[in-house]
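**Student:** Mind looking over this structure? Questions follow.
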Amino acid sequence: MLQANHVTKIYSAGKKIALQDFSIHVPKASVYGLLGPNGAGKTTFIRIINQITQADSGEVFINGEKLNPHHIKDIGYMPEERGLYKNMTVGDQILYFGALKGMKKQDALSQAKYWFDRLEIDHWWNKKLSELSKGMAQKIQFVVTVLHQPKLLILDEPFSGFDPVNANLVKDQILQLKEQGTTIILSTHRMESVEELCDSVALINKSRKILDGKVFEVREKFKQNLFSVVLSDVNSENLEMLKNQYKLVNIHDQHGLISFDLNYNEDQNLLLNDLMKAGKIRSFDEKIPSMNEVFITAVTSMNGQ
Amino acid sequence: MKNIFIITKREFLTQVKKKSFIILTLLAPILLIGFGALIAFMLKANETEYTFNVIDKSGVFQQNMKTPKDVKFIYLPESTEQALTTTLPEMVDNVDGLLIIPKLQDQNFENLQKQTQLLVNKNIGFDVKQNIAFSMSEVIKIEKIKNLGLTEAQIENIDKNFEINTKNVVDNNKQDSTLAFGVKSGLSMGLMYVTFMFIIIYGVRVMRSVLEEKNNRVVEIIISSVKPFELMMGKILGVTMVALTQFAIWITMTILGAIFFNQGFSKISGNLPQQEEIPLDKLDIQGVFTEISHSLLDMNFGIIIFVFIVFFLLGYIFYSSMYAAIGSAVDNETETQQFTMIGILPLMLGMYGSFGLINNPEGPMAFWLSIIPLTSPVAMIARIPFGVPIWQIALSIFLLVISTLGMVYLAAKIYRVGILMYGNKATFKELWKWIRTS
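Just so you know, the sequences run in chain order D and G.
Counting in my numbering, the first sequence runs from 1 upward without gaps.
Counting in my numbering, the second sequence runs from 1 upward without gaps.
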């Protein structure tokens, strides 16, 4: 749905490189995570897609078409630093932002009603934003973002400042929108939400892309062949042999259950055989790194170079 | 471009719905008049009438001296001098002073003046003293002239007002009488002041609106939908519409008020019997109003209104874009002050320069102030009631249009960068960087 090719953005006449040779492909009707530390270049890229700033070189295509002003009505954007007019009523604001995205008043009203029902916010139409609590204001913010039924939704740190209940609500809406065909780009450095929501990710650090791909594949790529094992009815002798042979670590004994981790990258069946000699296998898990671990590993190793 | 209209509409409605707008628009004229009335009342209430005992040993003054304003003279015989002098300190509540005029000897007015004494028991104020002295000197003047052998009637004839009939051979207009001149100056200053105040008040509103959007972070959402330039222009135009609306309401109120007062006044003057003289400093009110309306009609009203509207709008857009840029460059209102002060200087220069313009409407200062774009919005408006050659008006408008376009262009560049920047210490160096890279 969205294709970026070699996008570069430089500020201050060369002194600050915000984005360098950045290329990604975002599949349609997926949730795409744009990950990276603060200052990596995520917001720069997002602003380029939103045509708030212009790339210095490279191109962005939406559905095969080069980025141009009429794409604005197809994109919904919720920035990281966000807010609404405090003294305007909820209704006026929703209609105003809808109008700016090219919506007719009728459409804006019906869409607003749809979302108000979904998010369970009634009776707020005539209230000023300053009269609402923060959680309520956040919901309105979300409605403003999705009101015009954008094909591409860009959410920059969507969960920051949301309490767990509302964060969950937004998460559900995101997944529902995906089912309905919306493409969603999620920019965040909170990895828990990535695993729950994202289909694919790209990781940016210091203006460069350091990895991308489907979440599953990325995690696989970073696995370190770590296994977690829990044994019962352990044969101590054989356990000692195991310890020496496989260099077991994190060994714990809980009520007769022995748990440990080990590193192994050969035929798993051989390992299982050896394990069975030491006791009954209660659980045998390959430790796939979480996105959090992937993130930290990728970034620190790049910074270390 | 349709977006500009949407933004203008929002800006307009937001400002107009505010209670402060409604109150200010409707109440301001009333407040102004009330304030003026209050001042007048205060001044009137402050007027004290002073009472002086007078002992006129010369015998010249009692019959002839005109009592000055706010003063009451009580003439008493010479024999009371001693008593009056002694009791003066205690008589604080009844009498303010004692004027002792000595005998006139050998028509020596010099000595008379030197020996005249004014004893006071309180601080009577500079004005009163001057007025008494003036009244006395008038009497002496007439006495001196009488000594030269002239009668009262002949003396009155000497002091007539001399008005010169001027005719401009180039312009073919009659030059202004004093009253006409007064009307023109009044109109000139009035319009100029209104322009000045409006530019500042509404320019600041644009600035505040920009700051509000920056501070509550709504700006990034907006500029994902519209270009920053459209946002800035929408804002400026929206506030312009508010200003024009307020202006229109005030003009309507003034016209209605004028009609109302005019009708009321003509009713009153119609009811008065013909012979009764209205004691208003011997001014012929009918004549005054006739001359005012004549000079107003004499002035080319079409040009004046045209110039006023054009220069007001252009000047307003010029300064509002500057204000928008300032608002976008800072994070809060305190930081705006360093910039607004500098920005306002040309306008103030124009305004204060315009005061001198009245006395020399065709002089070099008037010319330059009304041509240079920074000062022309106020200076040309101040100058127009006195008549300005068409080519100068055209030149000034041309320069102002170019400058306004330039200012809008520069401001847009600063605005585009500034609205997304927070925490930056805004200096002129920073702004210049933004202009270059934007």
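We treat Cβ as the ideally placed atom computed from N, Cα and C, and that holds for glycine.
Quick one: what's got a C-beta closer than 7 Å to residue 324/G's C-beta in the same chain, skipping five residues either side?
**Tutor:** Contacts found: 206, 207, 210, 232, 235, 236, 411 and 415.
**Student:** Starting from residue 8/G, trace the beta strand (DSSP E) both ways and give me its first and last residue.
**Tutor:** Note, residue 8/G: premise wrong, no beta strand (DSSP E); alpha helix (DSSP H) at 2–17.
**Student:** Of all Cβ atoms in chain D, is any one closer than 9 Å to the Cβ of residue 10/G?
**Tutor:** Chain D contact via Cβ: present.
**Student:** Measure from the C-beta of residue 79/D to each C-beta in chain G and report whether the shortest distance is under 9 Å.
**Tutor:** Yes, contact with chain G.
**Student:** Can you give me the C-alpha to C-alpha distance between residue 40/D and residue 193/D, rounded to a whole angstrom?
**Tutor:** Cα to Cα, the separation comes out at about 19 Å.
**Student:** Exposed or buried, which one is residue 64/D when buried takes at least 16 other CB atoms within 10 Å?
**Tutor:** Looking at its Cβ environment, which holds fewer than 16 other Cβ atoms inside 10 Å, residue 64/D is exposed.
**Student:** Measuring CA to CA, which of 37/D, 54/D, 15/D and 73/D is closest to residue 303/D?
**Tutor:** Closest option to residue 303/D, Cα to Cα, is 37/D.
**Student:** Measuring alpha carbon to alpha carbon, tell me which of 311/G, 89/G and 16/G ends up nearest residue 371/G.
**Tutor:** The shortest C-alpha separation from residue 371/G is found at 311/G.
**Student:** Got a sec? Which residues, its chain only, sit under 8 Å from residue 5/G by beta carbon, not counting five neighbours each side?
**Tutor:** Cβ neighbours of residue 5/G beyond the five flanking positions: 234.
**Student:** Residue 88/D versus chain G: which residues are under 9 Å apart at the beta carbon?
**Tutor:** Correct list: 10 and 14.
**Student:** Note the first and the last residue of the continuous alpha helix (DSSP H) segment covering residue 157/G.
**Tutor:** It spans 152–158 - the alpha helix (DSSP H) in which residue 157/G sits, taken as one unbroken run.
**Student:** Which of the three DSSP states, helix, strand or coil, is assigned to residue 92/G?
**Tutor:** Residue 92/G: helix per DSSP, three-state reduction.
**Student:** Pick helix, strand or coil for residue 253/D, following the three-state DSSP scheme.
**Tutor:** Strand, per DSSP.
**Student:** Run through the DSSP bridge pairs and tell me what residue 205/D is partnered with.
**Tutor:** According to DSSP, which records beta bridges pairwise, residue 205/D is partnered with 208/D.
**Student:** Using the beta-carbon of each residue, which ones in chain G are nearer than 7 Å to residue 99/D?
**Tutor:** Within 7 Å Cβ-Cβ: 6.
**Student:** Using a Cβ cut-off of 9 Å (strictly closer), state whether residue 431/G contacts chain D.
**Tutor:** No - not a single Cβ of chain D is within 9 Å of the one on residue 431/G.
**Student:** Any idea which residues DSSP pairs residue 4/D with across the strands?
**Tutor:** For residue 4/D, which the question treats as bridged, DSSP gives the partners 24/D and 60/D.
**Student:** Applying the 10 Å Cβ sphere with the 16-neighbour rule, what's the burial state of residue 117/D?
**Tutor:** Exposed, by the Cβ-count rule.
**Student:** Looking only at its own chain, which residues have a Cβ that is under 6 Å from the Cβ of residue 233/D, when we skip the five neighbours before and after it?
**Tutor:** Correct list, in chain order: 279 and 280.
**Student:** Hey, is the segment 73–84 of chain D in contact with the segment 28–36 of chain D, meaning 3+ C-beta pairs nearer than 8 Å?
**Tutor:** Output reads no: the segment 28–36 of chain D does not touch the segment 73–84 of chain D.
**Student:** Give a yes or no on whether the C-beta atoms belonging to residue 97/G and residue 124/G are separated by under 9 Å.
**Tutor:** Yes, the pair counts as a contact, with Cβ atoms nearer than the cut-off.
**Student:** Where does residue 21/G fall in DSSP's three states?
**Tutor:** Helix.
**Student:** In chain D, which residues lie less than 7 Å from residue 332/G when you measure between Cβ atoms?
**Tutor:** Correct list: empty, because the minimum Cβ distance to chain D is about 15 Å.
**Student:** Going by beta-carbon coordinates alone, are residue 32/D and residue 137/D separated by less than 9 Å?
**Tutor:** No, these two residues do not count as a Cβ contact at 9 Å.
**Student:** Residue 185/D lies in the beta strand (DSSP E); which residues open and close that run?
**Tutor:** Segment 183–188, the beta strand (DSSP E) holding residue 185/D.
**Student:** For residue 50/D, return the contacting residues in chain G, with the cut-off set at a CB-CB distance below 7 Å.
**Tutor:** Residues of chain G passing the Cβ test: 224.
**Student:** Check whether the Cβ of residue 272/G lies closer than 9 Å to any Cβ atom in chain D.
**Tutor:** Only weak support exists for where residue 272/G lies, its pLDDT of 44 falling under 50; the value from the coordinates is given anyway. Residue 272/G does not count as touching chain D.
**Student:** For residue 275/D, which residues in the same chain have their Cβ closer than 8 Å to its Cβ, ignoring the five residues on either side in sequence?
**Tutor:** Closer than 8 Å at the Cβ level, and outside the excluded window around residue 275/D, lie 229, 231, 242, 281 and 284.
**Student:** Of all Cβ atoms in chain D, is any one closer than 9 Å to the Cβ of residue 187/G?
**Tutor:** Answer no: the Cβ-Cβ gap between residue 187/G and chain D never drops below 9 Å.
**Student:** Measuring alpha carbon to alpha carbon, tell me which residue in 230/G, 352/G and 309/G is nearest residue 189/G.
**Tutor:** Taking only the C-alpha atoms, the option nearest residue 189/G is 352/G.
**Student:** Mind listing, in chain order, the continuous alpha helix (DSSP H) runs of no fewer than 4 residues lying wholly within the segment 52–104 of chain G?
**Tutor:** Whole alpha helix (DSSP H) segments, 4+ residues: 61–64 and 81–87.
**Student:** Under 8 Å Cβ to Cβ from residue 261/D, same chain only, skipping five residues before and after it: list those, please.
**Tutor:** Same-chain partners within the cutoff: 226, 227, 228, 229, 248, 249, 250 and 287.
**Student:** Taking all protein chains shown into account, do 16 or more other C-beta atoms lie within 10 angstroms of the C-beta of residue 180/D, making it buried, or fewer, making it exposed?
**Tutor:** It is exposed - the Cβ of residue 180/D has fewer than 16 other Cβ atoms within 10 Å.
**Student:** What number of angstroms, rounded off, separates the C-alpha of residue 197/G from the C-alpha of residue 204/G?
**Tutor:** Using only the alpha carbons, I get a separation of about 11 Å.
**Student:** Since residue 72/D meets chain G, which of its residues come closer than 9 Å, beta carbon to beta carbon?
**Tutor:** Those are 224, 225 and 226, listed as they occur along chain G.
**Student:** Take residue 100/G and list the residues in its own chain whose beta-carbon comes closer than 6 Å to its own, dropping the five residues that flank it on each side.
**Tutor:** Correct list, in chain order: 55 and 117.
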